Structure formats: C-alpha cells, structure tokens
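In terms of this note's numbering, the sequence shown is residues 2 to 116.
Heads up, the beta-carbon is just placed ideally off N, CA and C, and yes, glycines get one too.
Note that the structure is predicted; figures quoted are calculated from it, not measured.
Right, one structure below, let's go through it.
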Amino acid sequence: VQLQASGGGLVQPGGSLRLSCTASGGIVNTNTMGWYRQAPGKQRELVATISSGGRVNYANSVRGRFTIAGDVAKNTVGLQMDSLKPEDTAVYYCKLETFRREIYWGQGTEVTVSS
Numbered sequence: 002v003q004l005q006a007s008g009g010g011l012v013q014p015g016g017s018l019r020l021s022c023t024a025s026g027g028i029v030n031t032n033t034m035g036w037y038r039q040a041p042g043k044q045r046e047l048v049a050t051i052s053s054g055g056r057v058n059y060a061n062s063v064r065g066r067f068t069i070a071g072d073v074a075k076n077t078v079g080l081q082m083d084s085l086k087p088e089d090t091a092v093y094y095c096k097l098e099t100f101r102r103e104i105y106w107g108q109g110t111e112v113t114v115s116s
C-alpha cells in the first residue's frame, strides 16, 4: 500500500497551491481520506477530510480558504489551497482510513509560504 502525494512547493502569501494524493496497492473499502500538516516544532494537525459519502470537514484555520475534493472510492483526493498564509507553512500528509480502521499515511509534501 502506498500513498503518493504531490503538489507542494514555495508560494508567496496570498497565492495558491493544489495538492494531490493517490493510493495504490489494492485498498478497498476506504472510509475517509484527508490531509494533515506538521509545522516545525509542532504536532501534526488535521487540515481537511472527506468521507466516502462526500461529507467534508475542515480545520477552523483553513475553512473558507482550502477546498478538499476527491473520489474516495477510487482512493484519490486533492486539496486546493488559496489565500495562503505564512502560518500554512508545513509538511502536508495524506491520510487514508478504511472502514476496518486501517490507517495509511503518505510520505508528505512540503509547502512553504514566504515572500
């Protein structure tokens, strides 16, 4: 099982980036997919999740600026990040959880917001 995340990079404040994540390896019965992030010296935190039923959830800090979308049944998820702020700088991780409570993490993609 492998989660491949891409799309990170360096962007100026106010800019946009789009992250993508695809899981491979025969995962079935995916319940949710989502994005978490970890800034230097801080704990990993939830950014956004989407369920197989289409329900989305956002951290208060990104609501209204980030949009999560994907086809959970096909194990793909994206994160559109707009109006980026320096405090959004972190390593972003893709996460997948099945209905059997199996959890898989991607390798992380770095996002740096700086002028």
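| Item | Value |
| --- | --- |
| Around the C-beta of Val29, are 16 or more other C-beta atoms found within 10 angstroms, so that it is buried, or is it exposed? | exposed |
| On the three-state DSSP scale, how would you describe Ala74? | helix |
| Candidates Gln39, Gly16, Thr110: which alpha carbon is nearest Phe67's? | Gly16 |
| Considering only their Cβ atoms, is the gap separating Leu20 from Leu80 smaller than 8 angstroms? | yes |
| Using CA coordinates, which residue listed in Trp106, Arg101, Phe100, Ser115 is at the minimum distance from Leu85? | Ser115 |
| DSSP three-state call for Glu88: helix, strand or coil? | helix |
| Taking Ala6 as the reference, give the member of Pro14, Gln13, Gly27, Met34 with the closest Cα. | Met34 |
| Ordered along the chain, which non-local residues of its own chain (more than five positions away) have a Cβ less than 7 angstroms from that of Asn32? | Ser52, Ser53, Glu98, Thr99, Phe100 |
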